[in-house]
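Asker: Sequence order for the protein chains is A and B. The first sequence begins at 122 in the working numbering and counts up one residue at a time. The second sequence begins at 122 in the working numbering and counts up one residue at a time.
2 protein chains.
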Amino acid sequence: MADRESIGVGLMGLGVVGSGVARTLVEKNRALAEEIGCRLALKKILVRDLSKPRAVSLESPLFTLDPQQILSDPAIQIVIEVIGGEQPAAAFIKQALLNGKYVVTANKEVIAKHGPELMEIAQQNGVSLLYEASVGGGIPLLLPLKQGLPANEISAIYAIINGTTNYILTKMSAEGLSFPTALKQAQELGYAEPDAANDIEGIDAAYKLAILATAAFHTIVRPEDVFRQGIARLAEHDFRYAKELDYEIKLLAIAKKVNGAIEVRVHPAFVPTDFLLAKVSGVYNAIQIEGDLVGKVLFYGEGAGSLPTSSAIVADVIAAAKSVIQQRELGAKGLSRSARSPLIASHSPFLALAIKPISELQTRYYLRMSVADSPGVLAQIARALGDRSISISSVIQKETDTDAQTAEIVIMTHPAREEFMRQALEEMEKLPVVKEICNLIRVEG
Amino acid sequence: MADRESIGVGLMGLGVVGSGVARTLVEKNRALAEEIGCRLALKKILVRDLSKPRAVSLESPLFTLDPQQILSDPAIQIVIEVIGGEQPAAAFIKQALLNGKYVVTANKEVIAKHGPELMEIAQQNGVSLLYEASVGGGIPLLLPLKQGLPANEISAIYAIINGTTNYILTKMSAEGLSFPTALKQAQELGYAEPDAANDIEGIDAAYKLAILATAAFHTIVRPEDVFRQGIARLAEHDFRYAKELDYEIKLLAIAKKVNGAIEVRVHPAFVPTDFLLAKVSGVYNAIQIEGDLVGKVLFYGEGAGSLPTSSAIVADVIAAAKSVIQQRELGAKGLSRSARSPLIASHSPFLALAIKPISELQTRYYLRMSVADSPGVLAQIARALGDRSISISSVIQKETDTDAQTAEIVIMTHPAREEFMRQALEEMEKLPVVKEICNLIRVEG
C-alpha cells in the first residue's frame, strides 16, 4: 500500500462543512487509506481569506484564493465542492468535470438546478459527480435509493428534510410557542440563519425534493416544478387542534407517481401521531420511501451539521477514490482512457414524465376559519363545500369570542380535489359571515 | 443492448422467498435489463418436487432436482441461494464460488456461521458473495453500512431484527395478551413457525447481529459470541410496569465497541417510550447505527416477507450483473481473467477484536420479584444489592396478595455490573422472604 501513488484531493470552501471535511481527511487519513487501499493527499483548499484563523490545524501552504490552483492542477483527481450557493460553485464543478476530475459536492442548489446536465458532462469525461451529502446530511439516502432499491418501482416519498423548520415546528407543538418565538429560538441556537427565508419558505426542502424525485423516478424534476408553501402562517391554534385530532404538523416534502405523472410538493401537513414521521422531532430528518417490492422503508438521522455532512462527503470521496484506483490499474494494464468507463455511473435513462399541477391534487384538508357567531353559519359554509362535492368528515366549533361575536370553526374534509377546495375558499371568503380563513392545511396518511 | 449476450442466473430454492425472486426476475425482466444494460436469463431453478404446482408461471424445463445443473453450468454466472438452513446451502454456495460464479443469498445462518471463509473464497475466485437480504429483509442495510458510512468509526448498533418477536411483544404491550396467546396468534397469522424456537429464543436475531457486527466493526463475530436470551419469560405484569415507568419492552440486538472490545447481545430490554425504536411495532424491523461522524442513523422497514426480501436479493443480483458485464468488457479488451479483480470487494481487513463476556456488561436493570408481605423485606433486598454497590433508582411495591401474604416488588437500578447483579440475585434467592425472582430485564437508553 505504501508504495502506491496517493490520490490528490482539492477542497473548495472551508466553512462549517468544509472544516469538518478537512478535519476528517487529516485526522482519519490512515483509516481512510486502509479502506481505500491508497492514501488521500489533501493538496489545496480554496478559501476566501488567507489570514482567517482556522479551527482545523492545517499547513498554511494548502490555502489558496485561486480556484484554478485546484481546478487546473493535474495532481488533483478529486474535487470537493462545499462553497454552497449556485454560482460560482456550479461553474467550478463544471470545469472540474471537464478537466477529468471526480467531483463530490453537498450543494443541493447546484444539483437541483443543474444536476442532470452536470452528470452528463461527468459521463462524457469518464468521471463521476457524487452528491450524497446534498440531501439528508449524513443519512445514506441516494446510495440505498439507487443501489439498494433498484428492483423497485418507487411510488412515493414522504420526507422531513429541513431540520430548521422541523425544530421550529417541534417547539411550537411541544411548548405551544408562536412561530416568531420559535424562529427566534432557532436563530439564537444557530439552527436558523438570520435570514431564514430559504428554510421557512420551503426553498431548501424543494431543492432536496427535486434531487430525490429525480433519482427515484428517473425523470428530471426541477426546483420550479415543486409546489411550495412555507410554515410562517402556522399558529398556536393549529397545533392545538392538530393535537385534539391526533395529528402532528410537519413540513413534508412529498413526491408521488400517480398515473405516470409526478406530484412534487413541499407544505405543512397534518400527519397522524402514530406515523413514525410524526415522531421525528428537533433538527432530525426522516425520509420514507415506498416501493412495490420493499413496501415502506424509512431512513432517519441528522440532516445537517459539520460532521454528519462530512460523513456523507467522505463516503463519496472513498467511492471516487476507489474508482480512480481501478482506472489507474486498468491504465497500467494497457487500457486507454477512452476504453475505461467510469465505475460509478447511472445506467437509468432519464424519462420525461409530466409534472402534475397542484390543482389536480386529491387530498384531505384541515380548514380553520373565524366566523360570525350566529345561526346558520355552518350551513352556509357546508353548502360552499358541498356544491363542489367536498364532504366534511368532522367539525369543531370553539373559542367563541363574545365581545367580537365571532367563533372559530375547524373543518376536516374527506379527500377532495385541490382546485375545488380553492374555489370553495374563494366563495367562503365572500360570505359576510366568514370573518377570516385562518389556515388551510393538507392532511396526509 | 439487445445485441449483448444475456447473463445467466440460477435460482436454488423456490419457497416463499424464491417464488418472489422468480416472479420479480420474470415480471420485471425488461426494467432490470434497462437498469443493468443487459438481460438476465433465468436458466434453472432447483426445487425439491417437480410436480408441485407453482404460483409463478414459469416454463417447467426450468425446474431441476439436481443442484449440479446450476452449480456446474458455465452458462450461469449468478447463483441465487434461497434454500435456507446451514446445509446443503453452505456447500452449494462454496461450490458456486469455486466455480467462479457470483452468489447472492438471503441465508443468515450460512453467512453468520461461514461468511468470512466464503468471502475469502469469493475473493480468491474473482467473484463476490452478496447477502444484503440476510439482515433486515428489504431494508438496505449492509450497503449503507459499508458504502454509506465508511468514514465513520461505528460505536454501537441497536436493532429490532426479528419481526416475529416484535409482533408478539407489540401484541403483549398493546393488548395485554399473555406470551402463549400472542405466540399462538402470530402462528395463526403465519408470522411465526409452528416450531418458533429460532425466533423466540433469539437465535435468528443472533445470526443477524453477528452479520451486522462483523460488517460494522471489521472483526469476525460468530453467532456463538452473541449472548442470547429469549422472550418466553416475559409476563403481562412486566408490560404493565414498563408502561407505568414509561418504557416499551423490545427484543433488542445490541452490538457495541467498548474500549476496543465487542459487546454483542440479544435479549428483551426496556426502551424509553420516546425512543424511535420503542415505536417500531408489529413485524417491522429497525436498525439504529451510531458513528463518530454521522451520530445516530436509523433504518426502518419490513424485515421479512417474499417481496421485501426479493427487493434486497434482486438489488444484489443487479450489482453482481453489473460486475459481470464490466468483467466481460475488460476481457473483450484483452485483459486476462487474473488481471481483472472483482468489482465489488471489501477492502477492510478483518481485525481480531476481543468479545466482552456478558458478566462485564454495565447497564441498568428492572427486577421484579414476589416477596413475603412482612416488614423489613425491602431492607434485606436493598442490602443484597447495596453490598455489591448496586444502587436503586426506584421501587414500586404493589399487588399485595393477602391470602398468600405475598407482595410484588419492582426495582429499577442505576448502572451496575452484570456479574454483581447476578451475585445479588443468587443471594436474594436464598432469602426466606423472597418467594420468587420473576424477571430481570436490562434497561437501555
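For every residue, glycine included, the Cβ atom is placed at its ideal position computed from N, Cα and C.
#1: Check whether the Cβ of Tyr312 (chain A) lies closer than 8 Å to any Cβ atom in chain B.
#2: Quick check on the DSSP output: what are the complete alpha helix (DSSP H) runs of length 4 or more inside the segment 250-338 of chain B, in order along the chain?
#3: Using beta-carbon positions only, say whether Ile201 (chain A) and Ala162 (chain A) come within less than 8 Å of one another.
#4: Can you give me, in chain order, the residues of the segment 370-386 of chain A that have a beta carbon less than 7 Å from any beta carbon in chain B?
#5: Could you pull out every residue in the same chain whose Cβ sits closer than 7 Å to the Cβ of Ala272 (chain A), ignoring the five residues on either side in sequence?
#6: Glu230 (chain B) and Tyr328 (chain B): beta carbons closer than 8 Å?
#7: Return the first residue and the last residue of the alpha helix (DSSP H) that Thr430 (chain B) is part of.
#8: For Leu414 (chain B), name the three-state secondary structure that DSSP assigns.
#9: Could you spell out where the beta strand (DSSP E) holding Arg529 (chain B) opens and where it closes?
#10: Got a sec? Which residues, its chain only, sit under 6 Å from Leu506 (chain B) by beta carbon, not counting five neighbours each side?
#11: At what residues does the alpha helix (DSSP H) containing Gln483 (chain B) begin and finish?
#12: In angstroms with no decimal places, state the Cα-to-Cα distance between Gly221 (chain B) and Asp170 (chain B).
#13: Within this structure, are the beta carbons of Ile479 (chain A) and Ile332 (chain A) separated by less than 8 Å?
#14: Shorter than 8 Å from the beta carbon of Gly131 (chain A) to some beta carbon of chain B?
#15: Going along the chain, which residues of the segment 409-423 of chain A sit with their C-beta nearer than 7 Å to a C-beta in chain B?
#16: Assuming Thr145 (chain A) contacts Ser431 (chain A) (C-beta within less than 8 Å), just tell me the rounded distance between them.
#17: Could you tell me which chain A residues have their CB closer than 9 Å to the CB of Lys400 (chain B), listed as they occur along the chain?
#18: How would you call Thr291 (chain A), buried or exposed, if buried means at least 16 neighbouring beta carbons within 10 angstroms?
#19: Got a sec, what are the start and stop residues for the alpha helix (DSSP H) Asn560 (chain A) sits in?
#20: Would Ser432 (chain A) count as contacting chain B if we go by Cβ distances under 8 Å?
#21: Can you confirm whether the segment 544-562 of chain A touches the segment 179-188 of chain B when touching is taken to mean that 3 or more C-beta pairs between the two stretches lie within less than 8 Å?
#22: State yes or no: is the C-beta of Pro389 (chain B) within less than 8 Å of the C-beta of Leu355 (chain B)?
#23: Does the CB of Val435 (chain B) have a neighbour CB from chain A at under 8 Å?
#24: According to DSSP, is Glu550 (chain B) part of a helix, a strand, or is it coil?
#25: Buried or exposed: which applies to Thr523 (chain B), given that a residue is buried once 16 or more other Cβ atoms fall within 10 Å of its Cβ?
#26: Anything in chain B within Cβ reach of Leu472 (chain A), meaning under 7 Å, just list it in chain order.
#27: With DSSP as the reference, identify every bridge partner of Pro389 (chain A), one or two as the case may be.
#28: Please return the same chain residues whose Cβ sits closer than 8 Å to the Cβ of Ser402 (chain A), not counting the five positions on each side in sequence.
#29: If we count the other Cβ atoms within 10 Å of its Cβ and call it buried at 16 or more, is Thr285 (chain B) buried or exposed?
#30: Can you tell me the Cα-Cα spacing of Ile260 (chain A) and Lys400 (chain B), whole angstroms?
#31: According to the neighbour-count rule (16 or more other Cβ atoms, all chains shown, within 10 Å of its Cβ), is Lys215 (chain B) buried or exposed?
#32: Find out if the Cβ-Cβ distance for the pair Val554 (chain B), Ala493 (chain B) is shorter than 8 Å.
#33: Using 8 Å as the cut-off, can you tell me whether the segment 247-261 of chain B makes contact with the segment 342-356 of chain B, which would need three or more C-beta pairs spanning the two stretches below that distance?
#34: Is there a Cβ of chain B sitting closer than 8 Å to that of Leu456 (chain A), yes or no?
#35: With distance defined between alpha-carbon atoms, name the residue in B:Ala337, B:Leu366 and B:Ala353 nearest to Gly412 (chain B).
#36: Where does Val138 (chain A) fall in DSSP's three states?
Answerer: On the basis of the data shown:
#1: Taking the first sequence and counting its residues from 1, one reaches residue 312 (chain A) at position 191. The C-beta of Tyr312 (chain A) comes no closer than 8 Å to any C-beta of chain B.
#2: Runs of the alpha helix (DSSP H) lying entirely within the segment 250-338 of chain B, each at least 4 residues long, are 284-296, 300-309, 318-321 and 324-338 in chain order.
#3: Counting from one through the first sequence, the residue named residue 201 (chain A) turns up at place 80. Counting from one through the first sequence, the residue named residue 162 (chain A) turns up at place 41. No, these two residues do not count as a Cβ contact at 8 Å.
#4: Those would be none; no residue qualifies.
#5: As a first step, residue 272 (chain A) must be located in the first sequence, where it is residue number 151. The residues are Leu414.
#6: Translated into positions along the second sequence, residue 230 (chain B) becomes position 109. Translated into positions along the second sequence, residue 328 (chain B) becomes position 207. It is a contact, given that the beta carbons lie within the stated cut-off.
#7: Taking the first residue of the second sequence as 1, we reach residue 430 (chain B) at position 309. Per DSSP, the unbroken alpha helix (DSSP H) holding Thr430 (chain B) starts and ends at Ser427 to Ala453.
#8: For the purposes of this step, residue 414 (chain B) is taken as residue 293 along the second sequence, with counting starting at 1. In the structure shown, Leu414 (chain B) falls within a coil segment according to DSSP collapsed to helix, strand and coil.
#9: One-based indexing of the second sequence puts residue 529 (chain B) at position 408. Per the sequence presented here, residue 529 (chain B) reads as Glu, with Arg not at that position. Note, Glu529 (chain B): beta strand (DSSP E), Thr527 to Thr534.
#10: Here the question's residue 506 (chain B) lines up with position 385 in the second sequence. Once the five neighbours on either side are set aside, the close Cβ partners of Leu506 (chain B) are Ala545.
#11: On the second sequence, position 362 is the one that residue 483 (chain B) refers to. DSSP places Gln483 (chain B) in no alpha helix (DSSP H) but in the uninterrupted beta strand (DSSP E) bounded by Gln483 to Ala493.
#12: On the second sequence, position 100 is the one that residue 221 (chain B) refers to. On the second sequence, position 49 is the one that residue 170 (chain B) refers to. Rounded to whole angstroms, Gly221 (chain B) to Asp170 (chain B) spans 28 Å at the Cα level.
#13: Indexing the first sequence from 1 puts residue 479 (chain A) at position 358. Indexing the first sequence from 1 puts residue 332 (chain A) at position 211. At a Cβ-Cβ threshold of 8 Å, Ile479 (chain A) and Ile332 (chain A) do not count as neighbours.
#14: In the first sequence, counting from the first residue as 1, residue 131 (chain A) sits at position 10. No, Gly131 (chain A) does not count as interfacial toward chain B.
#15: Under the 7 Å Cβ criterion, the segment 409-423 of chain A contributes Gly412, Leu414, Val415, Gly416, Lys417, Val418, Leu419, Phe420, Tyr421, Gly422 and Glu423.
#16: Counting from 1 along the first sequence, the entry for residue 145 (chain A) is found at position 24. Counting from 1 along the first sequence, the entry for residue 431 (chain A) is found at position 310. The Cβ separation is near 5 Å, so the contact holds.
#17: The sequence position of residue 400 (chain B) within the second sequence is 279, counting from 1. Going along chain A in sequence order, the residues near Lys400 (chain B) (Cβ under 9 Å) are Asp395, Leu397 and Lys400.
#18: Translated into the one-based positions of the first sequence, residue 291 (chain A) becomes position 170. The residue in question, Thr291 (chain A), is buried, as its Cβ has 16 or more Cβ neighbours within 10 Å.
#19: Taking the first residue of the first sequence as 1, we reach residue 560 (chain A) at position 439. Element bounds for Asn560 (chain A): not the alpha helix (DSSP H) but the beta strand (DSSP E), Val555 to Val564.
#20: Here residue 432 (chain A) corresponds to residue number 311 of the first sequence, with the count starting at 1. Yes, Ser432 (chain A) counts as interfacial toward chain B.
#21: With a cut-off of 8 Å, the segment 544-562 of chain A and the segment 179-188 of chain B do not count as touching, because too few Cβ pairs lie within range.
#22: Within the second sequence, the letter at position 268 stands for residue 389 (chain B). Within the second sequence, the letter at position 234 stands for residue 355 (chain B). Contact flag set, yes.
#23: Position 314 of the second sequence, counted from the first residue, corresponds to residue 435 (chain B). Chain A, which has a Cβ nearer than 8 Å to the Cβ of Val435 (chain B), makes this yes.
#24: Here residue 550 (chain B) corresponds to residue number 429 of the second sequence, with the count starting at 1. Three-state DSSP puts Glu550 (chain B) in a helix.
#25: Mapped onto the second sequence, residue 523 (chain B) falls at position 402. The residue in question, Thr523 (chain B), is exposed, as its Cβ has fewer than 16 Cβ neighbours within 10 Å.
#26: Reading the first sequence from its first residue, position 351 is the one you call residue 472 (chain A). Within 7 Å Cβ-Cβ: nothing; Leu472 (chain A) doesn't reach chain B, min ~10 Å.
#27: Taking the first residue of the first sequence as position 1, residue 389 (chain A) is located at position 268. Within the DSSP bridge table, the entry for Pro389 (chain A) names A:Leu372 as partners.
#28: Start at 1 with the first residue of the first sequence, and residue 402 (chain A) comes out as number 281. Asn287, Thr291 and Ala295, listed in sequence order.
#29: Residue 285 (chain B) sits at position 164 when you count from the first residue of the second sequence. Taking all protein chains in view, the Cβ of Thr285 (chain B) is crowded by 16 or more other Cβ atoms within 10 Å, so the residue is classified as buried.
#30: If you number the first sequence from 1, residue 260 (chain A) lands on position 139. If you number the second sequence from 1, residue 400 (chain B) lands on position 279. So the two alpha carbons sit approximately 20 Å from each other.
#31: As a first step, residue 215 (chain B) must be located in the second sequence, where it is residue number 94. Counting Cβ neighbours within 10 Å, Lys215 (chain B) comes out buried, since at least 16 surround it.
#32: Mapped onto the second sequence, residue 554 (chain B) falls at position 433. Mapped onto the second sequence, residue 493 (chain B) falls at position 372. For Val554 (chain B) and Ala493 (chain B), yes; Cβs fall inside 8 Å.
#33: A contact is defined here as three or more CB-CB pairs under 8 Å, and the segment 247-261 of chain B fails this definition with respect to the segment 342-356 of chain B.
#34: Position 335 of the first sequence holds residue 456 (chain A). The C-beta of Leu456 (chain A) comes closer than 8 Å to at least one C-beta of chain B.
#35: Position 291 of the second sequence, counted from the first residue, corresponds to residue 412 (chain B). Closest in C-alpha terms to Gly412 (chain B), from the list B:Ala337, B:Leu366 and B:Ala353, comes B:Ala337.
#36: Here residue 138 (chain A) refers to the residue found at position 17 of the first sequence. If DSSP states are grouped into helix, strand and coil, Val138 (chain A) belongs with the helices.
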